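Residue numbers (the UniProt record's numbering): 1 to 399.
Here it is in structure tokens:
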């Protein structure tokens, strides 16, 4: 099928082997070697894909609503998987916006237990494909397609940033789309809170505790991330948006660096070598390295993107400024003339509340249990009743 001429690749339906004795209230099946145990109201239909953090299938609810179910096997197999899964679940529950993927249900075959094996099933809206596949398809993309995709990306990102959240891994494959070209941001496993002292671009010395971690797929990393600056904040997501806009225009990655140095060279080949002022936010070692490079002029964007309109190139230049302090904000990008057809401040809401990253100090098993109980209140009631019965038994034994 196609997405309004965007070109979408469908996934073939695959047969599933049903186990002999499913538990009451659950549907048990095996899909491509992966055991699934889901709520009986979900009718699993297709295998959609798999990655390092789970296997995804499509399904339907009794009223015919299509959903995606991701199985995350053995959530507590290591600390990284437990924390990433918990963070993503809590963020999807908190961020409720048209351009952000939302969680509709959460199930587990057994209560979360860090000492045992817990398989988690995350149910979300079903989207037809992702922007990476759309870009790689042979179907032409009109300028209006590009505008609409970029507008929705920025609209969703405004909401995310307003909740004090940095996505940190924006790329085409993390942008899901459907047959109407609606777009939703997904994959919050690397998201973090904005440091209290950092603004849109960050500030020297505002060094959150996550800078040593993996941040952003290399091709979409802002120069301050490539250079390991401690000053980055919302601007790193804005840079990624610029890379995505460019990729929509030319149908290939703009900065396909093979390694750390190659990534920086790709950026400087387009933007030219920055001035001393544009490097003033960088650590001393990185600044000295940049300023010692042979001067290189910027390439005219009109030469690199010969088919792009002047407004598109102007927005691109604003998103891809080397200095994060001079990069446009999400709000400024939304108000850019290139997106005037879609821009409406009244329909671009901010989050009603900040996300509380202090929750991550709690045990993942406790947080996931609380999340499960929000979707399935009977679990909390049953747990409370069991605890009360256990206490009564203890009292009887001691009497």
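Glycine included, every Cβ here is placed at the ideal spot set by N, Cα and C.
Here the structure is a predicted model, which means the values were calculated and not measured.
In the DSSP assignment, residue 42 falls outside any beta strand (DSSP E), carrying neither H nor E. Taking a C-beta distance under 8 Å as the contact criterion, residue 159 and residue 238 do not qualify as a contact pair. The residue among 53, 58, 271, 167 with its C-alpha nearest the C-alpha of residue 80 is 53. For secondary structure counted as the alpha helix (DSSP H) over 4 or more consecutive residues, the segment 296-342 holds these complete runs in sequence order: 301-304, 310-319, 330-334.
Distance from the CA of residue 38 to the CA of residue 290, rounded to the nearest whole angstrom, comes to 54 Å. In chain order, 248 place their CB closer than 6 Å to the CB of residue 146, counting only its own chain and leaving out the 5 sequence neighbours on each side. Residue 104 sits in a strand when the DSSP states are folded into three classes. Judged by beta-carbon spacing, residue 42 lies within the 8 Å limit of residue 69, meaning their Cβ atoms are closer than that value. Closest option to residue 373, judged by alpha-carbon separation, among 292, 66, 112: 112. Excluding the 5 residues flanking it on each side, residue 321 has same chain C-beta neighbours closer than 6 Å at 327, in chain order.
Selection 28, 51, 33 evaluated against residue 44 yields 28 as nearest (Cα-Cα).
Excluding residues up to 5 positions away in sequence, 123, 375 lie with their Cβ nearer than 6 Å to the Cβ of residue 105 in the same chain. Counting along the chain, the unbroken alpha helix (DSSP H) around residue 86 starts and ends at 79-94. Across the structure, residue 299 and residue 309 are spaced so that their CA atoms are roughly 17 Å apart.
Taking 8 Å as the cut-off, the beta carbon of residue 234 is found closer than this to the beta carbon of residue 161. Fewer than three beta-carbon pairs drawn from the segment 347-360 and the segment 167-185 are found closer than 8 Å, and the two stretches are therefore not classed as touching. Residue range 120-125 is occupied by the beta strand (DSSP E) that includes residue 121. The Cβ atoms of residue 155 and residue 348 lie closer than 8 Å to each other. Counting of Cβ neighbours within 10 angstroms places residue 63 among the exposed residues, the total staying below 16. According to the DSSP assignment, residue 58 belongs to the beta strand (DSSP E) that extends over 54-60. Distance from the CA atom of residue 58 to the CA atom of residue 281, rounded to whole angstroms, is 46 Å.
Here residue 108 is buried. Its C-beta has 16 or more other C-beta atoms within 10 Å. A straight line joining the alpha-carbon of residue 189 with that of residue 86 spans about 9 Å. For residue 252, there is no enclosing alpha helix (DSSP H), since its DSSP letter is neither H nor E.
Following the DSSP letters along the chain, one finds residue 71 inside the beta strand (DSSP E) bounded by residues 66-72. The Cβ atoms of residue 71 and residue 34 sit closer than 8 Å to each other.
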